[in-house]
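Below: one structure, written as structure tokens.
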Amino acid sequence: MKKLTIITLTFVMAVLSVLPVFASSIPDWSGITEGLFNDDLSGNVTLEKMMKVNEFIEKYGYTSAVVTDRNGNELGTDAYIPNGAKCLEAQGDTVVTVAVICVMEDVNCDAKITAADARLALRHSARLEKLDDIQFRAADVNEDGKVTAADARLILRKPARLP
Ligand SMILES: [Ca+2]
Ligand SMILES: [Ca+2]
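For the sequence shown, counting from 1, position 38 maps to 37 in numbering that gives the first Met the number 0; every step adds exactly one.
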């Protein structure tokens with residue numbers, strides 16, 4: 000009985016000694032909203048700034064993932080991630096979408112933030128164009144639940160700030 004207790008204690012201590020290492024290897028989930036593993040827009044990854052595929056994979060720990068654009072075309076590791084991109088992982092025999100990525104301000108999903116994005120947001124606000132859910136989310140820069148000229152203005156400021 001005593002031997003068993005010692006073995007148990009040794010085991011518990013071994014687990015405890017490993018835990019901090021395990022904890023430090025958990026990816027930093029900041030910037031990720033809850034509810035991964037589905038295509039529900041409430042569960043997407045939202046990037047506040049442009050990020051390359053390899054930076055994304057490293058930051059969020061998707062080491063076995065492939066990132067595609069919204070049409071399913073695989074992106075190179077050095078490519079910037081466009082709004083609406085998907086992070087795919089093989090799980091058993093199937094490939095599942097583990098995250099849909101919203102890139103703020105890239106309304107037209109071309110992996111660049113330009114005046115064209117501001118224009119599209121403005122066209123939506125004037126009801127000349129209809130944004131889909133992830134475009135809407137990327138366009139609502141001031142996060143008031145609406146896409147208006149105010150958002151377009153905020154997007155327009157970005158290219159102007161570039162060197
Ligand atoms: Ca764009
Ligand atoms: Ca808004």
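Virtual Cβ for every residue (Gly too), placed ideally from N, Cα, C.
Excluding the 5 residues flanking it on each side, Leu153 has same chain C-beta neighbours closer than 7 angstroms at Val140 and Asn141, in chain order. Under the DSSP definition of a beta bridge, Ile133 lacks any partner.
Taking 8 angstroms as the cut-off, the Cβ atoms of Ala115 and Ala78 do not count as close.
Rounded to whole angstroms, Lys129 and His123 show a C-alpha spacing of 5 angstroms. Non-local C-beta neighbours of Glu73 in its own chain, meaning closer than 7 angstroms and more than five positions away in sequence, comprise Val65 and Thr67, ordered along the chain. Minimum Cα-Cα distance from Arg69 among the listed residues Ile133, Glu47 and Glu54 corresponds to Ile133.
In terms of side-chain proximity, the C-beta atom of Val106 is found nearer than 7 angstroms to a non-hydrogen atom of ligand 1.
In the DSSP annotation of this structure, Val146 is not part of any alpha helix (DSSP H), being labelled neither H nor E.
Residue state for Ala64 is assigned as coil, using DSSP reduced to three classes.
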